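**Student:** Take the sequence shown: its position 126, counted from the start at 1, is 125 in numbering that gives the first Met the number 0, and no numbers get skipped. Please find one structure pasted underneath; my questions will follow.
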Amino acid sequence: MWKDYFYFTRNEQQGIIILIIGIVCVAGGLYFWPKEARQQEKTKQELQHEEAEFAASLQRKKKEYDYKRYRTFEQTPIHLAPFDPNKTDSAGFVRLGLRPWMAHNIMRYRSKGGRFRKPEDFKRVYGLTAQQFQSLLPYITVEERAVNRDSSLYTALKRDSVKPFKYAAGVTIDLNTTDTTELKKIPGVGGSIARMIVGYRQKLGGFYDVCQLDDIRLNVEKLRGWFYADASKTQRINLNKASVERLKAHPYLNFYQAKVIVEHRSRYGAISNLNQLSLYNEFTPHDIQRISHYVCF
C-alpha cells in the first residue's frame, strides 16, 4: 500500500525531474556565485592597482624626461651675438638663452603677422625675464621696413628727417666712459651697435683694448681710429672671494674655469698669481692673458 504514495504518472515524474534540476541549479548558483563575485572583485582591485602603478611609473618617467630636458638646456652654452628678432630662427633663439617654448611662441607670433618694430618690443616676449632682456638688448638689431619711394609716407619721412650729427675725422673717445648718445656720433655706429658696445662693456667690466670689439663681431679696423681704451678703468674680480656664479658671469670665464678657481681655493688656499691657474687644462695661455686685466687677489 505504501507504494501507492510513491506512484507518479509520467507527467508527474517529468515535473519532479524538472524541479530537482531547478533546485540543483539554484543551489549550485548560490554556491559558486559569491566565489565568482569575490574573484571579480579581486580582479578589479588588482586592475586598479596595476593602473595606479602604471600611471605612477609614467609620471616618474615624465619627471625624469623633463629633468633631462632641463639639464640639457641648462648645459647648452649661451652664445650672445647680434640678431634680428624678425628673422632669427628658433634654434638661434635657443642659442641666445631662450627656452624652446619661448622660441616657438616667437615663431608663431611672426607667422601670424606679428613684428618687432624696435628693440624694446622684444621685452614683451612671454616668459622673458627683465634680466634676460637687459642681457640681450645690446645685441638686438631691428631692420626697418623698406618704404615705397612713391608713397606719401616716404615723402613725409624725407621731409621731416634730420641728418644725425657725426664727428669729424680725428676725434677719438674712450670706450670705457662713453655712452650710447656719444657713440652714435661716430660714423658707421647706429643705435644697435652703440647698445652692443655699452652692454658688452658692462659684462666685461670695461675694455682694455679696442680689439675687444671683435668679440661682438664689430669691424675693428673701421672703428679703431675712433676709439681708445683706458685700461686703468677696468673693474677687477677678486679671485679669492668671488663665487662660481660671479666668476662664470664674466665673458672670459666659463663654468668649468670658475669651478677650478673655487676648488683650488678650497684645497690649497688663496690664489696669489695666475701662474697657479695655468697648471690646469681648463686655462690656456690666451685665457690667462685675457683675464689678467680683470682679476685681482
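Ideal placement from N, C-alpha and C gives every residue a C-beta, glycine not left out. The model shown is predicted, which means the values in this text are computed figures rather than measured ones.
Ends of the alpha helix (DSSP H) at residue 179?
**Tutor:** First-last of the alpha helix (DSSP H) with residue 179: 179–182.
**Student:** Quick one, which of 225, 14, 128, 126 has its alpha-carbon nearest residue 174's?
**Tutor:** 225
**Student:** Taking 8 Å as the cut-off, does the region 238–258 touch the region 194–210 (at least 3 CB pairs, one atom from each stretch)?
**Tutor:** yes
**Student:** Report the rounded CA-to-CA distance for residue 166 versus residue 186, giving the unit in angstroms.
**Tutor:** In this structure, the CA atom of residue 166 is about 7 Å from the CA atom of residue 186.
**Student:** Please state whether DSSP places residue 197 in a helix, a strand or coil.
**Tutor:** Looking at residue 197 - three-state DSSP - the assignment turns out to be helix.
**Student:** Measure the C-alpha to C-alpha separation of residue 227 and residue 235 and round it to an integer number of angstroms.
**Tutor:** Their Cα atoms are separated by approximately 19 Å.
**Student:** In whole angstroms, give me the CA-to-CA distance for residue 76 and residue 246.
**Tutor:** 15 Å
**Student:** How long is the line joining the alpha carbons of residue 229 and residue 176, rounded to whole angstroms?
**Tutor:** 9 Å
**Student:** Could you tell me the distance, in whole angstroms, from the CA atom of residue 141 to the CA atom of residue 263?
**Tutor:** 45 Å
**Student:** Using only the alpha-carbon positions, how far apart do residue 273 and residue 240 sit?
**Tutor:** Distance between the alpha carbons of residue 273 and residue 240 is about 15 Å.
**Student:** Just the C-alpha distance for residue 218 and residue 163, rounded to the nearest angstrom, thanks.
**Tutor:** 21 Å
**Student:** Tell me which same chain residues have a C-beta within less than 7 Å of the C-beta of residue 131, skipping the five on either side of it?
**Tutor:** 96
**Student:** With a threshold of 7 Å (Cβ to nearest heavy atom), would residue 222 be considered close to the ligand ZN?
**Tutor:** As for the ligand ZN, it is missing from this structure, which has no ligand bound.
**Student:** Applying the criterion that 16 or more other CB atoms from any shown protein chain within 10 Å of the CB defines a buried residue, is residue 23 buried or exposed?
**Tutor:** exposed
**Student:** Counting C-beta neighbours from all protein chains within 10 Å, is the total for residue 79 16 or more, i.e. buried, or is it exposed?
**Tutor:** buried
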